[in-house]
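Residue numbers (this note's numbering): 1 to 333.
Each residue gets a CB set at the ideal place from its N, CA and C atoms; glycine is no exception.
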Amino acid sequence: MPQANRYNKAFFLIILGILFYLSFLIIKPFASYLILATVIAVIVNPLYRWLEGRLSSRNVAAALILILVLLILILPASSIITALSQQAARAYDSIDIKTVEGIIGNVNAAMGTDIEIEQATERIFIGVRDMVIGSLPGLVGSITDALLGIFVMFFTLFYLLIAQENILSVVQQYIPLKPENRKKLFSEMQKVAKAVILGQFFTALIQGTIGGIGFFLFGFPQPIFWGFVMVITAFIPFLGTPIVWAPTAIVAILNGNYVAGIGLAIYGAAIVMNVDNLIRPRLVADASGLHPILALLGAIGGIYLFGILGFIIGPLVLAFTVTMLRFFEKEVA
Numbered sequence: 001m002p003q004a005n006r007y008n009k010a011f012f013l014i015i016l017g018i019l020f021y022l023s024f025l026i027i028k029p030f031a032s033y034l035i036l037a038t039v040i041a042v043i044v045n046p047l048y049r050w051l052e053g054r055l056s057s058r059n060v061a062a063a064l065i066l067i068l069v070l071l072i073l074i075l076p077a078s079s080i081i082t083a084l085s086q087q088a089a090r091a092y093d094s095i096d097i098k099t100v101e102g103i104i105g106n107v108n109a110a111m112g113t114d115i116e117i118e119q120a121t122e123r124i125f126i127g128v129r130d131m132v133i134g135s136l137p138g139l140v141g142s143i144t145d146a147l148l149g150i151f152v153m154f155f156t157l158f159y160l161l162i163a164q165e166n167i168l169s170v171v172q173q174y175i176p177l178k179p180e181n182r183k184k185l186f187s188e189m190q191k192v193a194k195a196v197i198l199g200q201f202f203t204a205l206i207q208g209t210i211g212g213i214g215f216f217l218f219g220f221p222q223p224i225f226w227g228f229v230m231v232i233t234a235f236i237p238f239l240g241t242p243i244v245w246a247p248t249a250i251v252a253i254l255n256g257n258y259v260a261g262i263g264l265a266i267y268g269a270a271i272v273m274n275v276d277n278l279i280r281p282r283l284v285a286d287a288s289g290l291h292p293i294l295a296l297l298g299a300i301g302g303i304y305l306f307g308i309l310g311f312i313i314g315p316l317v318l319a320f321t322v323t324m325l326r327f328f329e330k331e332v333a
């Protein structure tokens, strides 16, 4: 009988392991959105608590939070997309054959080369056209996946808010800390989440804004468009905003616009790049205690593991790890 029980237990554990693995595969495509929903829930929880107390209804309070988050995402995005579409069209119109021919002519004169302008420009525009056409199917698929992920994120966020007490009580049962330290741990992790999220976003937003101002000051077209592009590239490790303003400055210099090109290069290197060094540590390091090396590794590894959302999730996971290690150290002491 004891041997039969062992076989039954082993069989049960095998089935349980298979089910866990299948569950992991099911959840894996939405892991980034689930983590993002959790982070948003932590950040908006004080507002949710306030609304719940005023309205005496968890569902209504959670629904209002979802509407607020949706408006925060949609309203700025819609205005930015409108401005981007207008300025992107202007940018496309401003990049004509004559502009490219002028740049290639200056390169020939400076380097002593003999590049055939007509063939070079034709190849450039054909390559750009083929790249755009070839990327359309993947772009449609990515948009579909993103919309589905956003739906999962909002659905998860709603239940994380209304059922947070039950979720926390279950999670706390499996944390090997003293009861008083468990509450402190969750409070500290909430502070860390806010520090990492706000630090990343505000740093990128400030860099993009200052970069766009630089484009405007030195007379480059479409400053709003390129400023928004720099907000996005600010999240890319190692590259950041220089992948926008540096080529622009080089092209301006090659095109004979030395004042604007050199001015933008100095402005970008001295001001835009230093925003990251001056602001990010103040916003993130003091509150989260995450070393800059870990923040960099978290961003790179996070992007590799979770995709574009990894630039937030990666540093956040490492910051949570450091926070939990500190609490375990206190527990042992």
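For residue i, which of helix, strand or coil comes out of DSSP?
i: serine 57; result: coil
i: asparagine 8; result: helix
i: tyrosine 21; result: helix
i: tyrosine 304; result: helix
i: lysine 28; result: helix
i: tyrosine 33; result: helix
i: glutamine 222; result: coil
i: lysine 184; result: helix
i: isoleucine 175; result: coil
i: leucine 68; result: helix
i: threonine 321; result: helix
i: asparagine 45; result: helix
i: glycine 240; result: coil
i: asparagine 166; result: helix
i: glycine 256; result: coil
i: leucine 13; result: helix
Grab me the residues of residue i's own chain with a C-beta within less than 6 Å of its C-beta, minus the 5 sequence neighbours each way, in chain order.
i: leucine 185; result: Phe327
i: alanine 249; result: Gly261, Leu264, Ala265
i: isoleucine 253; result: Gly261
i: methionine 1; result: Reliability fails at methionine 1, whose pLDDT of 49 lies under 50, so the model's placement of it is uncertain and the value that follows must be treated cautiously. So no residue of the chain qualifies.
i: phenylalanine 216; result: Pro223
i: tyrosine 304; result: none
i: threonine 144; result: none
Taking its Cβ as the centre, do 16 or more other Cβ atoms sit within 10 Å of residue i, making it buried, or is it exposed?
i: glycine 214; result: buried
i: valine 272; result: buried
i: glycine 310; result: buried
i: phenylalanine 155; result: exposed
i: threonine 321; result: exposed
i: tyrosine 48; result: buried
i: glycine 53; result: exposed
i: isoleucine 126; result: exposed
i: alanine 10; result: exposed
i: glutamate 188; result: buried
i: isoleucine 27; result: exposed
i: isoleucine 18; result: exposed
If I'm right that residue i touches residue j with Cβ under 8 Å, what's the distance once you round it to whole angstroms?
i: glycine 211; j: glycine 227; result: 6 Å
i: glutamine 190; j: valine 42; result: 5 Å
i: serine 32; j: glycine 314; result: The pair is not a contact, with the Cβ atoms about 11 Å apart (cut-off 8 Å).
i: isoleucine 162; j: asparagine 59; result: 6 Å
i: threonine 241; j: glycine 268; result: 7 Å
i: leucine 296; j: leucine 318; result: Not really, about 10 Å apart at Cβ, beyond 8 Å.
i: aspartate 276; j: glutamine 164; result: So it is not a contact: roughly 34 Å between Cβ atoms.
i: leucine 64; j: leucine 51; result: 6 Å
i: valine 229; j: valine 244; result: 5 Å
Give every residue of the same chain whose Cβ lies closer than 7 Å to the Cβ of residue i, excluding the five residues on either side of it in the sequence, and list them in chain order.
i: glutamine 172; result: Arg182
i: phenylalanine 158; result: Ala62, Leu66
i: alanine 37; result: Met153, Thr156, Leu157, Leu160
i: lysine 194; result: Ile43
i: glycine 298; result: Gly314, Pro315, Val317, Leu318
Should residue i be flagged as near chain B, meaning a C-beta pair shorter than 9 Å?
i: glycine 219; result: Among the chains in the structure shown there is no chain B, since it carries only a single protein chain.
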